[in-house]
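Chemist: The structure under discussion is supplied below as structure tokens; questions concerning it will follow.
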Amino acid sequence: MKKYELILDLYNEMPHINAICAKYVCGLGTNVILVKKDDAEDIEINISINTPVNNNKGISHIVEHCVSNELYKLKKDHDLYYQKQSTYIDKTLYKFGFHQSNTKYIYDILNAIFNSQIDELDFMRQGWRYEFNDKTGKLIINGVVYNEMKDVFNSPIASITKYIPSSLYKNSHYGYISGGIPDEIISLEYKEADLYYKEFYNINNSTIIVIGNFDLNVMRNYFQKIILKIYENNPKSYEKKGIKVEVQRNDLQMAYQAFNKKDLMDKYFISVNFSVKKPEDIFEYGIYNIIQSYFNKNKINSKEYNVKNLKVITKFNNGMPKPYFSFIMAGNDIINRDLMLKLIKEEMIKLTKHCMNKIFEEDIISKGNCNLSKLEFCNRILEATLYGLNSFAYLVDFKEKYENSESFLSTQISSFICRNFIENKNYSFIVLIPEKGLIYRKEQDLNRKLSEKLSSITKEEFQKIKDIKKELLKEDNTLVNFHNSRDLSFSKCDDRFSTDNYCLDKQNINSITVYNYYSDIDNNNYINFYFDLSKINPKYIKYITLLSLILFDIPEVEHYIKRNKMEIFCYMLPLINPKDNIFINSKFVIKGSSDKNKKEEIFKFVSDLKKIVDLKKNSSIIGEILREVKNNFEDNIHVKVHKTIVSRITAYFSVEGYENDNIEGILFYKFIDRICKNYDEMQQDVIENLEYVFEYLFNSNNLTISVYSNNSEEMSCIIDKYYNSKIKRDLRDSYKLDKLIPKNEGIIIPSNVNYVIQGFDFSILGYEYDGATRCNMKSIA
Numbered sequence: 001m002k003k004y005e006l007i008l009d010l011y012n013e014m015p016h017i018n019a020i021c022a023k024y025v026c027g028l029g030t031n032v033i034l035v036k037k038d039d040a041e042d043i044e045i046n047i048s049i050n051t052p053v054n055n056n057k058g059i060s061h062i063v064e065h066c067v068s069n070e071l072y073k074l075k076k077d078h079d080l081y082y083q084k085q086s087t088y089i090d091k092t093l094y095k096f097g098f099h100q101s102n103t104k105y106i107y108d109i110l111n112a113i114f115n116s117q118i119d120e121l122d123f124m125r126q127g128w129r130y131e132f133n134d135k136t137g138k139l140i141i142n143g144v145v146y147n148e149m150k151d152v153f154n155s156p157i158a159s160i161t162k163y164i165p166s167s168l169y170k171n172s173h174y175g176y177i178s179g180g181i182p183d184e185i186i187s188l189e190y191k192e193a194d195l196y197y198k199e200f201y202n203i204n205n206s207t208i209i210v211i212g213n214f215d216l217n218v219m220r221n222y223f224q225k226i227i228l229k230i231y232e233n234n235p236k237s238y239e240k241k242g243i244k245v246e247v248q249r250n251d252l253q254m255a256y257q258a259f260n261k262k263d264l265m266d267k268y269f270i271s272v273n274f275s276v277k278k279p280e281d282i283f284e285y286g287i288y289n290i291i292q293s294y295f296n297k298n299k300i301n302s303k304e305y306n307v308k309n310l311k312v313i314t315k316f317n318n319g320m321p322k323p324y325f326s327f328i329m330a331g332n333d334i335i336n337r338d339l340m341l342k343l344i345k346e347e348m349i350k351l352t353k354h355c356m357n358k359i360f361e362e363d364i365i366s367k368g369n370c371n372l373s374k375l376e377f378c379n380r381i382l383e384a385t386l387y388g389l390n391s392f393a394y395l396v397d398f399k400e401k402y403e404n405s406e407s408f409l410s411t412q413i414s415s416f417i418c419r420n421f422i423e424n425k426n427y428s429f430i431v432l433i434p435e436k437g438l439i440y441r442k443e444q445d446l447n448r449k450l451s452e453k454l455s456s457i458t459k460e461e462f463q464k465i466k467d468i469k470k471e472l473l474k475e476d477n478t479l480v481n482f483h484n485s486r487d488l489s490f491s492k493c494d495d496r497f498s499t500d501n502y503c504l505d506k507q508n509i510n511s512i513t514v515y516n517y518y519s520d521i522d523n524n525n526y527i528n529f530y531f532d533l534s535k536i537n538p539k540y541i542k543y544i545t546l547l548s549l550i551l552f553d554i555p556e557v558e559h560y561i562k563r564n565k566m567e568i569f570c571y572m573l574p575l576i577n578p579k580d581n582i583f584i585n586s587k588f589v590i591k592g593s594s595d596k597n598k599k600e601e602i603f604k605f606v607s608d609l610k611k612i613v614d615l616k617k618n619s620s621i622i623g624e625i626l627r628e629v630k631n632n633f634e635d636n637i638h639v640k641v642h643k644t645i646v647s648r649i650t651a652y653f654s655v656e657g658y659e660n661d662n663i664e665g666i667l668f669y670k671f672i673d674r675i676c677k678n679y680d681e682m683q684q685d686v687i688e689n690l691e692y693v694f695e696y697l698f699n700s701n702n703l704t705i706s707v708y709s710n711n712s713e714e715m716s717c718i719i720d721k722y723y724n725s726k727i728k729r730d731l732r733d734s735y736k737l738d739k740l741i742p743k744n745e746g747i748i749i750p751s752n753v754n755y756v757i758q759g760f761d762f763s764i765l766g767y768e769y770d771g772a773t774r775c776n777m778k779s780i781a
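Position 578, counted from 1, in the sequence shown is what full-length UniProt numbering calls 578; the numbers after and before it change by one each time, with no gaps.
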């Protein structure tokens, strides 16, 4: 069939990861990207499907759950190493891994995704349904997605955060909540989900990425055949030439409550949001990250402004085509016009001075081959700061407009949102009043008054900010060390900042970034092992990070995992202590799925790691693994240029930013690059350091465990078995781990059913437990 023949053949060599990328466009739009890596033993396939939404019923989320259920059935007959899936506002991602000898799995996977049937019982189980409560006999609503999204909206801060995109992108798909809102999920009917699947789960509406060691021509021919075969299995679904979803005005009113008494201590929650003006501008990214880091580290002094219990949270979300920055404030006096206007002006002035001082103190700006002078760079910071200041001026009008609006307020304890959009689409304003109710008006009086409110910021105040720039400027001809483009190069600067003249490649390989996306293995059933790092010498943090990257690639460990078909992985988790943002309290984490009777195997695996791993014996293999890790880092640096820059800039303005750069950014890359270049000479030292951190980590005195399971009795038996063993006895004695918390008192991550072992010191995880089915704002989720 002619329309399924190859119509574009594009090759890119990628020597930094020892790979060749070939991109093909087949049929009406199936993008097939093949990445050939000579050293790959397994095949990884990633399928990204374009699934936009135009409502908040969670339709793409529920369809993903239904399709995933079919894929789990497929997994029973196929030796898949892992299967992961996740839903975003504009796409749904599926990811699989298997041995390269099982290429035939590709067809089975694609056919299962694109030619499935949405079963009505599956829809009711995964989406929502009515059922009777066994204990009370009352009719209740249940469902996996329904319960999952109830937990998402379990605090005012979480609710406001979810609604920010809908306030900024109201005429776009990005203005909807793809996961769904509980009140609207229950209006979704099975027929709608079935039609949605048939409309969008079309192989020509997808991008498929395959990574492995294979012959490009053979794999290309194989894809031509299977795409045609999938088409022939269901030709009617391919008759449409284009897929469109009409976007309507998204004036969303929220009416779902799930707050506890502690949430109601704050009378008002206000969020002022603005999207960035130039998404491609790396300087704007850096500046907003500096602002976020500043407010995270420099808490506003409520007493200075006579404001009770003021809380300010900043959020920079760069996961949108047009990223946005938000200031979220909580308190009881935050609608006092005079106090808030004073606070906003003075804090933004402090922020401007802080940003400029930091830049000059750290010598971030120095001579280089760039076309942006120090004067221009200061102007950019000034512009971004005033941009935020102007948006805040809008906030102070809230009291005048709504202080006498009690007649609009409901008596129910619910969360309601008042939004008024000003004429400039870059701004939005959200108010949430947990104890009252909904204030919602369509008139645009505030829009017309915006310019009047901005005039309340006097010329003297603007001049005060500009004077800071004059004090700090020394040499106008000094140049900034970044190019204003995605093709970034690092020049020599101070020791912390230089990368030994390492220059990023200018090849555009952004098309393969999709395989870096990651989603949780399962919604509820998994086990987390948190190994505390607070007492180890900071110089070993890089080696612990290194261990997290190589541990599961050591042959004995890899074979153990494959033999037992476990879904398990480890990673580093940088945490800020909520009591003091100056100190990092990172964790080494091992996470495993507890599905398919693998619960006990995971406990046994973690307990036996000391017996399984022999680092000295594998010293030469570790050298090979390190080189692969280095290649992967170079690949990530290339395909995630913005993230690399943001991480590097933020490292200068916050401890958290520095820690992130130290374990996953340029600082860590320099560390591993030095080891790889001198491994023969450094081998003994590297192995000894790895052995030291390995011995330190796998000591149960450093361990905290969280368990998520649908079967408390089974998990309790398994836990008791391992706590009573010699390996776990010290853990039991230390934390008195003898029973499970009731499921309505779960902690760490909100989900439908939570169990966490009772008795340990919760501050070990880096934040405080508030007694509800969630943790505070410093959640690790």
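In this text, a Cβ means the ideal position worked out from N, Cα and C, and glycines have one as well.
Predicted, not measured: the structure shown is a model, and the values here were computed from it.
Using 8 Å as the cut-off, can you tell me whether the stretch 106-113 makes contact with the stretch 123-131, which would need three or more C-beta pairs spanning the two stretches below that distance?
Modeler: Too few Cβ pairs lie closer than 8 Å, so no.
Chemist: Would you report the Cα separation of residue 555 and residue 563, rounded to the nearest angstrom?
Modeler: On the sequence shown, position 555 is the one that residue 555 refers to. On the sequence shown, position 563 is the one that residue 563 refers to. Taking the straight line from one Cα to the other gives about 12 Å.
Chemist: Let me confirm a value: residue 163 is counted as buried when at least 16 other C-beta atoms fall within 10 Å, else exposed. Which label applies?
Modeler: On the sequence shown, residue 163 is found 163 positions in, with the first residue counted as 1. The residue in question, residue 163, is buried, as its Cβ has 16 or more Cβ neighbours within 10 Å.
Chemist: Straight-line CA distance for residue 677 to residue 117?
Modeler: Translated into the one-based positions of the sequence shown, residue 677 becomes position 677. Translated into the one-based positions of the sequence shown, residue 117 becomes position 117. Between residue 677 and residue 117, the C-alpha separation is close to 53 Å.
Chemist: Please state if the CB of residue 269 and the CB of residue 324 are separated by a distance shorter than 8 Å.
Modeler: Stepping through the sequence shown from its first residue, residue 324 is reached at position 324. Stepping through the sequence shown from its first residue, residue 269 is reached at position 269. No.
Chemist: Nearest to residue 178 by alpha carbon, out of 53, 613 and 202?
Modeler: The residue you call residue 178 lines up with position 178 of the sequence shown. The shortest Cα separation from residue 178 among 53, 613 and 202 belongs to 53.
Chemist: Mind checking which residues open and close the beta strand (DSSP E) that includes residue 330?
Modeler: By one-based count along the sequence shown, residue 330 stands at place 330. Start and end: 324-331.
Chemist: For residue 784, tell me which candidate among 549, 593 and 601 has the shortest Cα-Cα distance.
Modeler: What the structure shows of the chain is the stretch from 1 to 781, and residue 784 is not part of that stretch, so it cannot be assessed.
Chemist: Does the beta-carbon distance from residue 718 to residue 599 come in below 8 Å?
Modeler: For the purposes of this step, residue 718 is taken as residue 718 along the sequence shown, with counting starting at 1. For the purposes of this step, residue 599 is taken as residue 599 along the sequence shown, with counting starting at 1. Yes; because the gap between Cβ atoms is below 8 Å, this pair is in contact.
Chemist: Note down the Cα distance separating residue 69 from residue 81, rounded to an integer number of angstroms.
Modeler: Position 69 of the sequence shown, counting from 1, holds the residue named residue 69. Position 81 of the sequence shown, counting from 1, holds the residue named residue 81. For residue 69 and residue 81, the distance between alpha carbons rounds to 17 Å.
Chemist: Could you tell me if residue 85 is buried or exposed, where buried requires 16 or more neighbouring beta carbons within 10 angstroms of its beta carbon?
Modeler: Along the sequence shown, read from residue 1 onward, the residue named residue 85 stands at position 85. So residue 85 ends up on the buried side.
Chemist: I'd like the span of the alpha helix (DSSP H) that includes residue 684, first residue to last.
Modeler: Taking the sequence shown and counting its residues from 1, the one referred to as residue 684 is at position 684. Unbroken alpha helix (DSSP H) run through residue 684: 679-697.
Chemist: Would you mind working out which of 304, 225, 661 and 43 sits nearest residue 95, comparing C-alpha positions?
Modeler: What you label residue 95 is simply residue 95 of the sequence shown in a count that begins at 1. Minimum Cα distance to residue 95 is reached at 43.
Chemist: Given this structure, state the Cα-to-Cα distance separating residue 100 from residue 115, to the nearest angstrom.
Modeler: Numbered from its first residue, the sequence shown carries residue 100 at position 100. Numbered from its first residue, the sequence shown carries residue 115 at position 115. Cα-Cα distance, rounded: 24 Å.
Chemist: Quick check on this structure: which residue in 188, 687 and 627 has the alpha carbon closest to the alpha carbon of residue 618?
Modeler: Translated into positions along the sequence shown, residue 618 becomes position 618. For residue 618, the nearest C-alpha among the options comes from 687.
Chemist: Beta carbon of residue 160, beta carbon of residue 433: below 8 Å?
Modeler: The residue you call residue 160 lines up with position 160 of the sequence shown. The residue you call residue 433 lines up with position 433 of the sequence shown. No, Cβ-Cβ distance for residue 160 and residue 433 is not below 8 Å.
Chemist: Sort out for me which residues DSSP pairs residue 86 with in a bridge.
Modeler: For the purposes of this step, residue 86 is taken as residue 86 along the sequence shown, with counting starting at 1. Bridge partners of residue 86: 93.
Chemist: Where residue 120 and residue 299 are concerned, what is the direct C-alpha to C-alpha distance, given to the nearest angstrom?
Modeler: For the purposes of this step, residue 120 is taken as residue 120 along the sequence shown, with counting starting at 1. For the purposes of this step, residue 299 is taken as residue 299 along the sequence shown, with counting starting at 1. If you take the alpha carbons of residue 120 and residue 299, they lie about 51 Å apart.
Chemist: Among the candidates 57, 76, 112 and 75, whose CA atom is the shortest distance from the CA of residue 47?
Modeler: On the sequence shown, residue 47 is found 47 positions in, with the first residue counted as 1. Checking every option, the nearest Cα to that of residue 47 belongs to 112.
Chemist: Starting from the N-terminal side, write out each stretch of the beta strand (DSSP E) that is 3 residues or longer and does not extend beyond the stretch 110-139.
Modeler: Those beta strand (DSSP E) runs which fall completely within the stretch 110-139 and span 3+ residues are 129-132.
Chemist: Within the same chain, show all residues whose beta-carbon is closer than 7 Å to that of residue 698, passing over the 5 residues directly before and after it, in chain order.
Modeler: In the sequence shown, counting from the first residue as 1, residue 698 sits at position 698. Excluding positions up to five away in sequence, the list reads 609 and 610.
Chemist: Hey, residue 209 and residue 30 are a contact pair by Cβ (cut 8 Å); roughly how many whole angstroms apart?
Modeler: One-based indexing of the sequence shown puts residue 209 at position 209. One-based indexing of the sequence shown puts residue 30 at position 30. Contact flag wrong, Cβ pair sits at about 12 Å.
Chemist: Residue 590 and residue 529 - do their beta-carbons sit closer together than 8 Å?
Modeler: Here residue 529 corresponds to residue number 529 of the sequence shown, with the count starting at 1. Here residue 590 corresponds to residue number 590 of the sequence shown, with the count starting at 1. Yes, the Cβ-Cβ distance between residue 529 and residue 590 is below 8 Å.
Chemist: If I follow the unbroken beta strand (DSSP E) through residue 315, where does it start and stop?
Modeler: Counting from 1 along the sequence shown, the entry for residue 315 is found at position 315. Looking at the DSSP string, the run of the beta strand (DSSP E) that includes residue 315 is 311-317.
Chemist: According to DSSP, what are the bridge partners of residue 530?
Modeler: Locating residue 530 in the sequence shown gives position 530, where the first residue counts as 1. DSSP output for residue 530 lists 589 and 704 as bridge partner(s).
Chemist: Put residue 188 into one of helix, strand or coil per three-state DSSP.
Modeler: Within the sequence shown, numbered from 1, the residue matching residue 188 stands at position 188. Here residue 188 sits in coil by DSSP.
Chemist: Put residue 566 into one of helix, strand or coil per three-state DSSP.
Modeler: Taking the sequence shown and counting its residues from 1, one reaches residue 566 at position 566. It is coil, neither helix nor strand.
Chemist: By the 10 Å Cβ neighbour count, where 16 or more other Cβ atoms means buried, how is residue 560 classified, buried or exposed?
Modeler: Stepping through the sequence shown from its first residue, residue 560 is reached at position 560. It counts as buried.
Chemist: Could you check what DSSP says for residue 201 in three-state terms: helix, strand or coil?
Modeler: As a working note, residue 201 is residue 201 in the sequence shown. Residue 201 falls in the coil class under three-state DSSP.
Chemist: Just the C-alpha distance for residue 225 and residue 49, rounded to the nearest angstrom, thanks.
Modeler: What you label residue 225 is simply residue 225 of the sequence shown in a count that begins at 1. What you label residue 49 is simply residue 49 of the sequence shown in a count that begins at 1. Straight-line Cα distance between these residues: approximately 20 Å.
Chemist: In terms of alpha-carbon separation, which member of 93, 158 and 213 lies closest to residue 65?
Modeler: By one-based count along the sequence shown, residue 65 stands at place 65. Nearest of 93, 158 and 213 to residue 65, Cα basis: 93.
Chemist: How is residue 215 classed by DSSP in three states: helix, strand or coil?
Modeler: To locate residue 215, count along the sequence shown from 1; it is residue 215. Residue 215 falls in the coil class under three-state DSSP.
Chemist: For residue 606, does the three-state DSSP call read helix, strand or coil?
Modeler: Translated into positions along the sequence shown, residue 606 becomes position 606. Note: residue 606 maps to helix in three-state DSSP.
Chemist: Pick out whichever of 551, 146 and 310 has its Cα sitting closest to the Cα of residue 181.
Modeler: Position 181 of the sequence shown holds residue 181. Among 551, 146 and 310, the Cα nearest to that of residue 181 is on 146.
Chemist: Measure the C-alpha to C-alpha separation of residue 552 and residue 680 and round it to an integer number of angstroms.
Modeler: Taking the first residue of the sequence shown as position 1, residue 552 is located at position 552. Taking the first residue of the sequence shown as position 1, residue 680 is located at position 680. Going by the C-alpha atoms only, they are around 23 Å apart.
Chemist: Can you tell me where the beta strand (DSSP E) holding residue 169 begins and where it ends?
Modeler: The residue labelled residue 169 in the question sits at position 169 within the sequence shown. Residue 169 -> no beta strand (DSSP E), and no H or E assigned at all.
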